[in-house]
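Reading through the structure tokens given below for one structure.
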Amino acid sequence: MSDESLPPRTAAVIPAAGRGVRLGPGAPKALRALSGTPMLVHAVRAMAASNAVSLVVVVAPPGDTAPVRNLLTDLVLPDRTELLVVPGGESRQESVRLGLDALPDDIGTVLVHDAARPLVPVDTVDAVIEAVRAGATAVVPALPLADTVKEVEPGEKGEPEPVVATPDRARLRAVQTPQGFERATLVNAHHILAGADGEATDCAGMVERLGGSVVVVPGHEEAFKVTRPLDLVLAEAVLARRRANDGF
Ligand code: CTP
Ligand code: MG
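For the sequence shown, the residue numbers in the numbering used here are 659 to 906.
Okay, structure coming up:
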């Protein structure tokens, strides 16, 4: 049977190779527990929850590929979900590229999702995939900002910093993941910009840099990134609320 008769599949690449410096000393961030379960396990489940996702590629901390594989072998996922674990790199951008290199040919749509956003609801994942399937080449979930943002001239730590501008808050969005892409668009951006100045913290930004168009769809407050210790408190509170509401 030829694979050409099958429609392209959707994969989720999960960069999980970061150290989590801002979270403080300890295991790599993706392996730290949230309510007793490693953050990465929550993130893999969040991607596998979408009916459209049939492959999850986890990009593990380079020295911890074996423990990550062990952790994920015992995980019960839907029958449709295939799982791959590959070692990551020095930066998020490099880790994503290594994840993309592992994709089989029949993947047409790619999500890139931070392991550090373990609680994204499936409706947000599906909304991103839908927008790609409807024709967008790059899709980002995002939320309006609560705080006003100032652009400053960065100074020494602790010193007052001159304000340069105050962008109109109504036009700003804070972006989240999963970001969704037509595969070729994302792969091209990563190949062209590999080793370019300034590591991208956001894949969509790489597509923009090359003149591609990116659209925003509504994000979700539970898709926040676990970055600092207080975020762990919030994430565990969200999990406790889910458990109380629907026995999750
Ligand atoms: N990431 C990665 N490879 C790297 C650096 C980051 O795969 N070399 C991943 C992280 O594991 C995380 C996501 O990119 O899931 C977003 O990065 P961030 O929140 O900055 O995580 P860390 O880099 O681990 O945290 P910190 O910057 O505080 O060290
Ligand atoms: Mg980082």
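Note that beta-carbon positions come from the ideal geometry of N, C-alpha and C, so glycine has one too.
Whether residue i touches residue j by CB criterion (7 angstroms)
{"i": "residue 754", "j": "residue 770", "result": "yes"}
{"i": "residue 767", "j": "residue 783", "result": "no"}
{"i": "residue 726", "j": "residue 714", "result": "no"}
{"i": "residue 688", "j": "residue 773", "result": "yes"}
{"i": "residue 810", "j": "residue 819", "result": "yes"}
{"i": "residue 698", "j": "residue 674", "result": "yes"}
{"i": "residue 741", "j": "residue 730", "result": "yes"}
{"i": "residue 680", "j": "residue 886", "result": "yes"}
{"i": "residue 801", "j": "residue 877", "result": "yes"}
{"i": "residue 751", "j": "residue 857", "result": "yes"}
Residues of its chain near residue i, where Cβ-Cβ distance is below 8 angstroms and the 5 sequence neighbours each way are ignored
{"i": "residue 881", "result": "775, 777, 778, 779, 782, 799, 834, 835"}
{"i": "residue 868", "result": "846, 847, 850, 851"}
Per-residue burial, residue i [other beta carbons within 10 Å of its own, 16 or more giving buried]
{"i": "residue 793", "result": "exposed"}
{"i": "residue 686", "result": "buried"}
{"i": "residue 843", "result": "buried"}
{"i": "residue 668", "result": "buried"}
{"i": "residue 700", "result": "buried"}
{"i": "residue 814", "result": "exposed"}
{"i": "residue 746", "result": "buried"}
{"i": "residue 805", "result": "exposed"}
{"i": "residue 823", "result": "exposed"}
Residue i versus residue j - alpha carbon distance
{"i": "residue 893", "j": "residue 692", "result": "7 angstroms"}
{"i": "residue 696", "j": "residue 719", "result": "14 angstroms"}
{"i": "residue 664", "j": "residue 763", "result": "12 angstroms"}
{"i": "residue 677", "j": "residue 694", "result": "19 angstroms"}
{"i": "residue 859", "j": "residue 837", "result": "12 angstroms"}
{"i": "residue 738", "j": "residue 709", "result": "8 angstroms"}
{"i": "residue 788", "j": "residue 723", "result": "32 angstroms"}
Spatial neighbours of residue i in its chain, beta-carbon cut-off 7 angstroms, leaving aside the 5 residues before and after
{"i": "residue 749", "result": "857"}
{"i": "residue 706", "result": "714, 735, 736, 739"}
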